[in-house]
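J.: To convert, take the position in the sequence shown, counting from 1, and add 723; that gives the numbering used here.
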Amino acid sequence: MTTTRREFLAHGAAGASLLATGLSLPGFLARTAWAAEPRRDSRVLVVVQLTGGNDGLNCVVPFRDDAYHRARPTLRVPENRALRLTDELALHPEMSGFKRLFDEGWLSVVTNVGYPNPDRSHFRSMDIWHTALLEPERAADGWLGRVVDADTSDPTRPTALHLDDGALPLALKSRRHAVPSIRDVDALALPRSAEQVAAALDAPRPSASDDLLYVQRVAVASCANAARLASLKHEGDAHAAYPANGLGNRLRQIARLIAADFGPRVYYTTLGGFDTHARQALAHGPLLRELAESVAAFYADLRARRLAERVLLLTFSEFGRRVAENGSQGTDHGAAAPMFLAGPACRPGVAGKPPDLVNLVDGDVRHALDFRQVYACVLEDWLRVDARAILGAQYARADLLRD
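Pasting the structure below:
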């Protein structure tokens, strides 16, 4: 006798719970649970978006430039507190986690990154970075969404995953494939009682309808993922001591997913709060500490799992801040700023010159490197995809990765 989807749901709350969980993210759950054997040699890109406009001058500090000290009488980082990188540049004193990575050769500091005719609007500038187009309103997808659509390597696995509290960023919007967006990996876990339901459904009935077979697949996929996540819950905590903050928690979960080989080549998360118009010193230092310590713990975790060589992490913000501090002991929207690449694959050191604080553009740091040159490097040299096809034009690749 053929069983219908309605009859399956009538079997009880556990079955309904399974179906609801599976159907909430059908493509993600089904593809990941039914995937092939783990590909522990595949490359992974982790993107950390610094939302609000990170103040690059107090992040990568030109500590010997008199123009910097004159422009920031209350916000300047004193030379004796800065974490020196070169004879001219240093990190903010709260970024000791990044300094450890730098000293180990696992951090690339890319200076003066931006784009022509910078836009000081949070929304439009972020859209420019997300789409890799100077006219982002013409785009129907994001630069990483195009990577998702171009990836035909393994249709059983999702190419990208957004793990954050906010909505899916434009950078991950694709034309043909939905990118999963979740707030917390543990939210996907199911009660242990659901495992019994999954066991009962694991062998599809030859006489079952297509509807029931679909329900069975989704249910088993949900339970398979729940079991894999449960098995990693304590393992992930044992490999590194993450800071007790939002970014640390999200990177901890991403490390677990990479270790479980859930499949994505791209993971995306954010750290907000960088719009520091007033009393910047109170907010900026703690944010930089959260960033640096979380990323350092992430790589300590990956190293312990012997996965660090597979993972490249990239940070960006929609713009930097103006050179001169304002009357509220803060900084206003600016233009060019540094980016960071982390991991054993990056070419260590500082890429680029210190910011020119004399020849400004409307009070802002002049960009020396187009951000799409950084994207081109990551696309071609790391993800091994055609950067021109993704970016819509040919850009000279920045030399940021080891040979």
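Beta carbons are placed, not taken as given, at the ideal position from N, Cα and C, and that holds for glycine.
#1: With DSSP run on the structure shown, which of helix, strand or coil describes residue 1100?
#2: Helix, strand or coil: how does DSSP classify residue 990 here?
#3: Does the Cβ of residue 835 have 16 or more other Cβ atoms within 10 Å, making it buried, or fewer, making it exposed?
#4: Just the C-alpha distance for residue 897 and residue 801, rounded to the nearest angstrom, thanks.
#5: Determine whether the beta carbon atoms of residue 792 and residue 1011 lie at a separation below 8 Å.
#6: Which one or two residues does DSSP pair with residue 772 in a beta bridge?
#7: From the DSSP secondary-structure annotation, give me the bridge partner or partners of residue 782.
#8: May I have the straight-line CA-CA distance separating residue 985 from residue 909, to the nearest angstrom?
#9: Alpha carbon to alpha carbon, what distance is there between residue 1100 and residue 854?
#10: Tell me whether the beta-carbon of residue 1125 lies closer than 8 Å to the beta-carbon of residue 1068.
#11: Which residues does DSSP pair with residue 1124 in a beta bridge?
#12: Among all the DSSP beta bridges, which residues are the ones paired with residue 1084?
#13: Going by beta-carbon coordinates alone, are residue 780 and residue 1078 separated by less than 8 Å?
#14: Can you name, in chain order, every residue of its own chain whose Cβ lies under 7 Å from the Cβ of residue 1073, other than the five neighbours on each side?
#15: Indicate the three-state DSSP secondary structure (helix, strand or coil) for residue 1012 in the structure shown.
#16: What residue range does the beta strand (DSSP E) around residue 885 cover?
#17: Determine the burial state of residue 777: buried for a count of at least 16 other Cβ atoms within 10 Å of its Cβ, exposed for fewer.
#18: In the structure shown, what three-state DSSP assignment does residue 837 receive?
#19: Between the alpha carbons of residue 1004 and residue 876, how many angstroms are there, rounded?
#20: Along the chain, where does the alpha helix (DSSP H) that runs through residue 848 open and close?
#21: Take the Cβ of residue 846 as the centre, count every other Cβ of all protein chains shown within 10 Å, and call the residue buried at 16 or more, exposed below.
#22: Who does residue 1044 pair with in a DSSP beta bridge?
#23: Consult DSSP for residue 831 and reduce its assignment to one of helix, strand or coil.
#24: Quick test of the definition: if touching needs 3 or more C-beta pairs under 8 Å, does the stretch 887 to 896 touch the stretch 861 to 872?
#25: Taking just the CA atoms, how far does residue 1118 sit from residue 843?
#26: Are the beta-carbon atoms belonging to residue 1035 and residue 1014 less than 8 Å from one another?
#27: Where do the N-terminal and C-terminal ends of the alpha helix (DSSP H) with residue 872 fall, by residue?
#28: Evaluate contact between the stretch 991 to 999 and the stretch 968 to 980, counting only Cβ atoms and requiring at least three cross-stretch pairs below 8 Å.
#29: By the three-class DSSP mapping on this structure, what secondary structure does residue 1017 have?
#30: Are residue 1033 and residue 770 close, meaning C-beta to C-beta below 8 Å?
#31: Which of the three DSSP states is assigned to residue 1093 in this structure?
#32: Quick one: what's got a C-beta closer than 7 Å to residue 1061's C-beta in the same chain, skipping five residues either side?
#33: Since residue 902 contacts residue 871 with CB under 8 Å, what's their CB separation in whole angstroms?
#34: Give me, in chain order, the residues of the same chain whose beta-carbon lies closer than 8 Å to that of residue 1020; leave out the 5 immediate sequence neighbours on both sides.
#35: Here's a check: name, in chain order, each residue in its chain whose Cβ is nearer than 6 Å to the Cβ of residue 1102, leaving out the five neighbours to either side.
#36: If I follow the unbroken alpha helix (DSSP H) through residue 965, where does it start and stop?
T.: The structure says:
#1: DSSP places residue 1100 in helix when its eight states are reduced to three.
#2: Strand.
#3: Counting of Cβ neighbours within 10 angstroms places residue 835 among the buried residues, the total reaching 16 or more.
#4: Distance between the alpha carbons of residue 897 and residue 801: 45 Å.
#5: Not a contact, by the Cβ cut-off of 8 Å.
#6: As DSSP reads the structure, residue 772 sits in a beta bridge with 993 and 1039.
#7: Bridge pairing for residue 782: absent [DSSP].
#8: Distance between the alpha carbons of residue 985 and residue 909: 14 Å.
#9: If you take the alpha carbons of residue 854 and residue 1100, they lie about 16 Å apart.
#10: Cβ distance < 8 Å, so residue 1125 and residue 1068 count as in contact.
#11: Residue 1124 pairs with 1069.
#12: In DSSP, residue 1084 forms a bridge with 1087.
#13: Contact: yes.
#14: So the list reads 808, 809, 812, 832 and 834, once near-sequence residues are dropped.
#15: Helix at residue 1012.
#16: Per DSSP, the unbroken beta strand (DSSP E) holding residue 885 starts and ends at 883 to 886.
#17: Residue 777 comes out buried.
#18: In the structure shown, residue 837 sits in a strand (DSSP, three-state: E or B).
#19: Distance between the alpha carbons of residue 1004 and residue 876 is about 47 Å.
#20: Element bounds for residue 848: 845 to 854.
#21: Exposed: under 16 other Cβ atoms inside 10 Å.
#22: According to DSSP, which records beta bridges pairwise, residue 1044 is partnered with 1056.
#23: The answer is strand: DSSP assigns residue 831 an E or B state.
#24: Touching, yes.
#25: Each residue's Cα considered, the two are about 24 Å apart.
#26: One thing to note: residue 1035 has its Cβ no nearer than 8 Å to the Cβ of residue 1014.
#27: Residue 872 -> alpha helix (DSSP H) spans 866 to 873.
#28: The answer is yes - the stretch 968 to 980 touches the stretch 991 to 999, with three or more Cβ pairs under 8 Å.
#29: In the three-state reduction of the DSSP assignment, residue 1017 falls in the helix class.
#30: No. Outside cutoff.
#31: Assigned with DSSP and collapsed to three states, residue 1093 falls in strand.
#32: Excluding positions up to five away in sequence, the list reads 779, 782, 783, 832, 833, 834 and 836.
#33: Confirmed, Cβ separation roughly 6 Å.
#34: Here the set comprises 820, 963, 964, 965, 966, 971, 974 and 975.
#35: Excluding sequence neighbours, residue 1102 sits near 1108, 1110 and 1113.
#36: Counting along the chain, residue 965 sits inside no alpha helix (DSSP H), nor does DSSP assign it H or E at all.
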